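Our numbering numbers the first residue of the sequence shown as 143 and each following residue consecutively.
Let me begin by presenting the structure, written as structure tokens, before commenting on it.
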Amino acid sequence: MAQLDGFHMQPDEFRRRGREIVDWIADYMERVEGLPVLSRVRPGEVRAKLPEAPPRSPEPFEQVLADLDSIILPGVTHWQSPNFFAYFPANASGPAILGELLSAGLGVQGMSWTTSPACTELETHVLDWLVDMLGLPERFRGNGVIQDTASSAALCALLAARERKTGRASNSDGVPADLVCYASTEAHSSIEKAVRIAGIGDRHLRRIETDARGAMRPDALKRAMEEDLAVGLRPFFVAATVGTTSSHALDPVGGLAEVCGPRGAWLHVDAAMAGTAALCPEFRFIHDGLEHADSYCFNPHKWMFTNFDCDCFWVADRAALIQALSILPEYLRNKATESGAVFDYRDWQVPLGRRFRALKLWMVIRHYGVEGLQFHVRRHVELAEWFAQRVDEHPQFELAAPRPLNLVCFRHVGGDEVNERLLETLNASGELFLTHTRIDDRFTLRMSIGQTWTEQAHVESAWNTITASCPPGRDRSS
Ligand code: PLP
Numbered sequence: 143m144a145q146l147d148g149f150h151m152q153p154d155e156f157r158r159r160g161r162e163i164v165d166w167i168a169d170y171m172e173r174v175e176g177l178p179v180l181s182r183v184r185p186g187e188v189r190a191k192l193p194e195a196p197p198r199s200p201e202p203f204e205q206v207l208a209d210l211d212s213i214i215l216p217g218v219t220h221w222q223s224p225n226f227f228a229y230f231p232a233n234a235s236g237p238a239i240l241g242e243l244l245s246a247g248l249g250v251q252g253m254s255w256t257t258s259p260a261c262t263e264l265e266t267h268v269l270d271w272l273v274d275m276l277g278l279p280e281r282f283r284g285n286g287v288i289q290d291t292a293s294s295a296a297l298c299a300l301l302a303a304r305e306r307k308t309g310r311a312s313n314s315d316g317v318p319a320d321l322v323c324y325a326s327t328e329a330h331s332s333i334e335k336a337v338r339i340a341g342i343g344d345r346h347l348r349r350i351e352t353d354a355r356g357a358m359r360p361d362a363l364k365r366a367m368e369e370d371l372a373v374g375l376r377p378f379f380v381a382a383t384v385g386t387t388s389s390h391a392l393d394p395v396g397g398l399a400e401v402c403g404p405r406g407a408w409l410h411v412d413a414a415m416a417g418t419a420a421l422c423p424e425f426r427f428i429h430d431g432l433e434h435a436d437s438y439c440f441n442p443h444k445w446m447f448t449n450f451d452c453d454c455f456w457v458a459d460r461a462a463l464i465q466a467l468s469i470l471p472e473y474l475r476n477k478a479t480e481s482g483a484v485f486d487y488r489d490w491q492v493p494l495g496r497r498f499r500a501l502k503l504w505m506v507i508r509h510y511g512v513e514g515l516q517f518h519v520r521r522h523v524e525l526a527e528w529f530a531q532r533v534d535e536h537p538q539f540e541l542a543a544p545r546p547l548n549l550v551c552f553r554h555v556g557g558d559e560v561n562e563r564l565l566e567t568l569n570a571s572g573e574l575f576l577t578h579t580r581i582d583d584r585f586t587l588r589m590s591i592g593q594t595w596t597e598q599a600h601v602e603s604a605w606n607t608i609t610a611s612c613p614p615g616r617d618r619s620s
């Protein structure tokens with residue numbers, strides 16, 4: 143029976159249990175490859191194994207760990223499996239996990255510089271490192287912040303744009319009804335969500351058509367803006383995507399900037415997954431024209447070996463962002479803030495509180511070094527190229543979109559039903575996990591390569607499973 147005056151886990155026990163947990167994670171890394179990638183539980187199955195009521199008295203740690211294996215693990219889809227090719231990667235790594243652990247251990251709440259100066263200064267510094275590492279425009283230096291997600295980055299950009307356009311009147315008087323924003327038909331749903339949250343309304347989000355590659359057409363954007371201006375509406379925000387979710391299409395940032403600039407619209411660039419590729423100079427073409435953008439984000443929590451969550455967000459003019467989001471109640475006043483010499487990152491984001499996320503990013507960059515990160519990104523792109531070649535050579539499969547980086551969109555030539563059945567069979571096998579999209583209104587499979595442990599053998603094995611699972615018959619020529 144635990145003593146009523148001492149329920150805490152004491153440092154000695156924490157040390158012992160902590161080692162057990164680190165061992166558990168290391169074992170998981172070793173065995174995850176053998177686990178069925180997509181969880182096989184049915185809806186409600188995990189909850190049915192959990193007790194109705196919380197424990198009245200403390201439970202043994204061993205029991206909790208045992209339940210982790212027997213109840214939780216079967217309900218996990220293994221994003222860290224080298225056979226995970228679905229959606230986009232969320233590639234964790236040893237240094238990131240340890241950085242996350244340190245962040246939890248320090249338990250810092252970094253809302254203001256003064257609440258933990260290192261939390262703020264390391265973040266500013268690491269984001270400046272990334273300006274160099276990704277070859278980002280100089281205007282972003284000193285203007286970076288970590289958000290939880292690309293969705294939040296888009297929302298903050300939109301709010302800053304809204305306040306800039308209305309001379310801060312939206313915050314004071316409410317959102318005027320004449321504001322209009324633009325994104326391509328291929329932009330991520332987070333843009334639509336941001337538009338709703340910011341009070342712009344779906345009705346004032348124009349979905350701009352794309353070219354044959356899925357990239358936003360600057361001429362179509364220009365036409366839409368001109369039509370809106372002609373009826374007295376105010377274009378204020380454009381969301382470009384570098385690496386669309388469906389097919390990795392690259393919006394022409396420079397061409398879009400030429401349309402936005404003269405019309406006073408803020409250009410935000412969402413490079414959630416693809417941005418990491420710019421670590422390698424040969425892939426920096428994806429950012430052509432970025433020097434004219436007002437804001438930019440990418441997610442180390444997708445393809446840069448950094449545990450979720452971690453989105454890096456830069457603005458060209460931080461004053462616009464801070465003016466949109468800053469509120470200083472009496473209880474947060476302090477000398478450092480008043481000196482004007484520090485950043486208070488709470489003013490750069492929606493929530494007040496913030497975690498020490500820069501620690502894990504710092505540890506990842508120091509562990510791999512720029513060369514290590516480049517090595518793995520190149521490797522993933524090469525594996526995608528290898529896979530795309532196999533598809534291209536196979537009489538029953540075809541590529542559904544160009545492949546700029548690590549995502550291959552492909553399909554069986556037998557039509558939607560065949561592809562849907564193929565996907566179900568593959569995912570039920572447990573050997574790999576793929577997801578789909580629609581391209582040219584046809585059901586299309588997506589092979590997204592970027593998991594930390596994915597190697598040639600896994601991609602080869604995926605290809606063999608795919609070809610062995612598809613129905614015989616029809617080929618491209620028939
Ligand atoms: N933007 C793009 C292009 C994406 O592919 C995704 C995720 O799929 C997102 C935004 C949303 O990312 P987050 O979960 O960080 O909000």
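We treat Cβ as the ideally placed atom computed from N, Cα and C, and that holds for glycine.
Source: prediction; values computed, not measured.
With a threshold of 7 Å (Cβ to nearest heavy atom), would residue i be considered close to the ligand PLP?
| i | result |
| --- | --- |
| S223 | no |
| G385 | yes |
| A399 | no |
| H578 | no |
| S590 | no |
| A414 | yes |
| D453 | yes |
| T138 | Beyond the ends of the chain as shown, which are 143 and 620, falls residue 138; an answer cannot be given. |
| T291 | yes |
| F230 | yes |
| N606 | no |
| N449 | no |
| S332 | yes |
| N233 | no |
| N441 | yes |
In the DSSP assignment, find the unbroken alpha helix (DSSP H) run with residue i in it and report its ends.
| i | result |
| --- | --- |
| A372 | P360 to A372 |
| T567 | D558 to S571 |
| H509 | A500 to E535 |
| F203 | F203 to D209 |
| C402 | V395 to C402 |
| C298 | A292 to K307 |
| S245 | G236 to L248 |
If you draw a straight line from the C-alpha of residue i to the C-alpha of residue j, how long is it?
| i | j | result |
| --- | --- | --- |
| T594 | A238 | 12 Å |
| S611 | Q538 | 12 Å |
| A366 | S294 | 26 Å |
| V250 | G495 | 10 Å |
| T577 | F529 | 16 Å |
| P318 | G286 | 29 Å |
| A362 | M505 | 44 Å |
| A144 | L409 | Annotation note: pLDDT 47 at A144 (below 50); position unreliable, coordinate value reported separately. The straight-line gap from Cα to Cα measures roughly 59 Å. |
| Q205 | E172 | 23 Å |
| P185 | H346 | 37 Å |
| L321 | F440 | 26 Å |
| T567 | Y170 | 26 Å |
| T256 | A466 | 21 Å |
| R304 | A296 | 12 Å |
| T609 | L207 | 40 Å |
| R499 | V373 | 45 Å |
| C422 | E155 | 44 Å |
| S181 | R283 | 42 Å |
| T266 | V457 | 13 Å |
| Q598 | D486 | 45 Å |
In terms of residues, what are the limits of the beta strand (DSSP E) holding residue i?
| i | result |
| --- | --- |
| Y324 | L321 to S326 |
| Q289 | G286 to Q289 |
| I581 | T577 to I581 |
Contact defined as beta carbons within less than 8 Å: I believe residue i pairs with residue j. What is the distance between those atoms, to the nearest angstrom?
| i | j | result |
| --- | --- | --- |
| G547 | A419 | Reading off the sequence, residue 547 comes out as Leu, not Gly. L547 to A419, Cβ: 5 Å. Contact. |
| S332 | G356 | The Cβ separation is near 17 Å, so there is no contact. |
| C298 | L463 | 6 Å |
| A228 | A414 | Not really, about 15 Å apart at Cβ, beyond 8 Å. |
| Q289 | D459 | Not a contact, Cβ separation roughly 17 Å. |
| I428 | L392 | 6 Å |
| V179 | G572 | 6 Å |
| G396 | H434 | 7 Å |
| V560 | P613 | 6 Å |
| H604 | L564 | Residue identity differs from the one stated: residue 604 is Ala in this sequence, not His. Their Cβ separation, rounded to whole angstroms, is 13 Å, which puts A604 and L564 out of contact at 8 Å. |
| A416 | G385 | 3 Å |
Checklist entry - What beta strand (DSSP E) runs, 3 residues minimum, are completely inside the segment 468 to 502? => result none
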